[in-house]
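Here's the structure we're looking at; comments come further down.
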Amino acid sequence: MNNVLLHPDSQGANLSEWLSGNGGTGLENALSDPKGIIAIIEQAGLRGLGGSGFPAYKKWQFVAEQAANSDKYLICNGNEDEPGTFKDAYLLSHSPNQVIEGALITALASNINKIVFYINPEQKTSLENIRIAVEQWQTSRFFEQIEAALETSLNIRVMASSGHYIGGEETAAIESVEGNFPFPRGKPPFPAVSGVHGCPTLINNIETLANVSHILRNGAQWYQDLGNGNSAGTKIYCLSGDVLKPGVYELPMGTPLSELIFNYGGGMLLDKKVKAVFTGGASSTILTPKDIDVPLDFESVKERGSSLGTGAMIVVSEGTGIVKRVTEYVNFYAHSSCGQCPPCKTGTFYISQLLNKIDTGQASEYDLESLINLCKILPGSGRCHLLNGAMQVVDSSLIHFIDEYKSSLRP
Ligand SMILES: Cc1cc2nc3c(=O)[nH]c(=O)nc-3n(C[C@H](O)[C@H](O)[C@H](O)COP(=O)(O)O)c2cc1C
Ligand code: SF4
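Spelled out as structure tokens, the structure:
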């Protein structure tokens with residue numbers, strides 16, 4: 006297994022141990038040529054690993070290009086509250102130094118002088134370990150060198166997010182950092198132009214940032230070679246559901262889904278057959294056994310009509326009701342809607358009611374038709390992606406399991 010982020014050498018909260026291993030070399034390389042960092046990240050092909058898959062260098066470039074007459078922020082997004090996703094908490098609690106080194110290099114690349122570690126309050130160990138590690142970095146020899154390269158002081162803040170799922174959305178995170186309730190903002194302006202207190206703001210996921218020090222240490226080609234030609238590097242999967250060995254697994258991009266489930270996940274509980282996999286988290290789409298061979302990279306998963314998302318893979322075995330599972334997820338999204346956009350506030354509530362009715366055998370054919378129609382009308386009518394994500398999982402389940410929906414209707 007080509008572990009990088011989960012490799013034993015990358016673990017530990019003690020900075021001197023991290024620096025006595027391979028740690029620090031990426032930052033040294035970055036300090037020797039700060040202007041060259043973004044080109045290396047572009048050549049490496051690093052993409053956002055928090056769900057979007059957006060090329061990292063593009064966002065960094067936007068922020069770097071903004072005028073230098075105001076503060077610039079980096080939000081390290083560790084809100085992580087989506088059902089089935091637990092990789093960032095693992096990285097923050099087990100290996101905070103690689104995350105912090107990545108954030109420092111990112112700050113150097115985009116001329117950022119304010120870094121905020123934005124962490125789910127339920128993840129107490131993550132918060133504690135990142136706080137301890139940040140204090141060590143602030144007294145290390147690197148800190149002065151970074152401030153000299155930035156030509157200003159560097160401020161690092163570790164904060165607990167509000168704990169709401171919606172607080173992980175990038176503009177909601179900006180509101181939170183400003184001390185407000187995490188209501189997503191309309192775009193434009195994009196955060197790179199106007200984010201925290203109107204300043205240029207870069208937001209990256211914890212796993213994205215964790216890769217950065219390794220790329221700067223080993224080079225862009227090394228990172229490319231870890232992948233399969235479609236997507237570079239590795240991906241951490243949060244494997245859960247009906248498998249024998251659920252957990253976090255880091256595998257090279259392009260590893261087949263079947264290998265993740267049967268080799269690493271130990272196969273199915275009670276030797277049952279796979280019925281479905283919620284690929285990329287609860288707000289993504291479903292893959293069925295015919296796609297079990299799909300190479301897990303951004304492009305290949307997209308070609309099968311799904312997405313890699315956060316890397317959460319929730320495996321469902323034969324005998325499990327899909328309607329019940331989808332109902333549980335949509336209840337979560339209805340509860341998580343911030344309520345700003347009427348189609349999302351009422352839409353997720355109504356969809357959740359319809360699903361609960363179907364799941365308990367009380368729904369009519371008309372209810373099912375309403376559900377199908379809402380899947381066509383609602384996507385795209387909210388300010389942020391929460392509504393689309395909720396509708397995506399419903400729509401996908403209707404495509405693959407319509408018979409199950411029909412047989413759940415009242416006679
Ligand atoms: C409802 C919602 C919740 C989100 N929660 C998170 C989160 O907890 N962590 C995260 O990194 N990204 C989350 N995102 C995605 C962010 O908006 C953003 O795309 C991401 O932090 C960018 O980082 P990346 O480019 O490194 O992936 C969420 C998006 C939505 C719509
Ligand atoms: S789509 Fe939903 S969660 Fe997103 S801003 Fe609108 S109401 Fe809030």
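Residue numbers for the sequence shown follow the numbering used here, so the first one is 6 and each next one is one higher. C-beta: ideal position from N, C-alpha, C; glycine also.
Counting C-beta pairs with one atom in each stretch, the region 144-157 and the region 94-104 have fewer than three that are closer than 8 angstroms, which means they do not touch. Under the three-state reduction of DSSP output, Glu70 falls in the helix class. Counting along the chain, the unbroken alpha helix (DSSP H) around Phe337 starts and ends at Ile327 to Ser341. Take Val9, set aside five residues on each side of it, and the residues of its chain with a beta-carbon closer than 8 angstroms to its own are Ser15, Asn216, His219, Leu231, Gly238, Thr239 and Glu255, in chain order. Residue environment: Leu249 is assigned as exposed (fewer than 16 neighbouring CB atoms within 10 Å of its CB, all protein chains considered). In the structure shown, the three-state DSSP call for Met396 is helix. Burial check for Glu180: the Cβ neighbour count within 10 Å reaches 16 or more, so the residue is buried. Tyr123 is a Cβ neighbour of Asn82, given a cutoff of 7 angstroms. The count of Cβ pairs closer than 8 angstroms, one atom from the region 275-282 and one from the region 41-58, stays below three, leaving the stretches out of contact. DSSP, reduced to helix, strand and coil, places Cys380 within a helical segment of the structure shown. Between the region 377-389 and the region 312-332, the count of Cβ pairs shorter than 8 angstroms is below three; the stretches do not touch.
Separation of Ile291 and His12 (C-alpha to C-alpha, rounded to the nearest whole angstrom) is 30 angstroms. In this structure, ligand 2 has a non-hydrogen atom nearer than 6 angstroms to the beta-carbon of Gln345. Taking C-beta atoms as the reference points, Thr353 and Ala339 count as a pair closer than 7 angstroms.
In this structure, Asp76 and Lys129 do not form a Cβ contact; the two beta carbons are roughly 29 angstroms apart against a cut-off of 8 angstroms. Annotated three-state conformation of Val253 is strand, per DSSP. Apart from sequence neighbours up to five positions away, the residues of its chain that approach Tyr62 with a beta-carbon distance below 6 angstroms are Ile43, Ile46 and Glu47, ordered along the chain. For Gly107, no beta strand (DSSP E) encloses it; the enclosing alpha helix (DSSP H) starts and ends at Pro101 to Ser115.
For Gly387, the shortest separation between its Cβ and any heavy atom of ligand 2 lies below 6 angstroms. As for any alpha helix (DSSP H) of minimum length 4 sitting wholly inside the region 196-258, the runs are 211-223 and 225-231, ordered along the chain. Within 6 angstroms of the C-beta of Gly232 there is not a single heavy atom belonging to ligand 1. If you ignore the 5 residues before and after Ile117, its C-beta comes within less than 6 angstroms of the C-beta of Lys77 and Leu79, all in its own chain and listed in chain order. Going by DSSP, Asn160 is part of no alpha helix (DSSP H) but of the beta strand (DSSP E) stretching over Asn160 to Ala165.
With a beta-carbon spacing of about 16 angstroms, Pro189 and Ala197 fall beyond the 8 angstroms limit used to define contacts. In this structure, the C-beta of Phe59 approaches ligand 1 to less than 6 angstroms from one of its heavy atoms. The three-state reading of DSSP puts Gly41 in helix, counting H, G and I together.
Of Asp302, Leu113 and Ser131, the smallest CA-CA separation from Ala154 is found for Leu113. Between Asn235 and Ser289, the beta carbon gap of about 18 angstroms keeps them out of contact (Cβ cut-off 8 angstroms). Note on Gly17: 16 or more other CB atoms within 10 angstroms of its CB, so buried under the neighbour-count rule. When DSSP states are grouped into helix, strand and coil, Ala153 belongs to the helix group. A straight-line Cα-Cα distance of about 10 angstroms links Asn134 and Glu140.
Val398 and Thr315 have their C-alpha atoms spaced approximately 14 angstroms apart. One thing to note: Thr213 has its Cβ within 7 angstroms of the Cβ of Leu54. Excluding five sequence positions before and after Ala35, the CB atoms of its chain that fall closer than 6 angstroms to its own CB belong to Ile42, Ile110, Leu113 and Leu221, given in chain order. Proximity of the beta carbon of His390 to ligand 1 is indicated: a heavy atom of the ligand is located closer than 6 angstroms. Residue burial annotation: Arg330 is buried, with at least 16 other C-beta atoms found within 10 angstroms of its C-beta.
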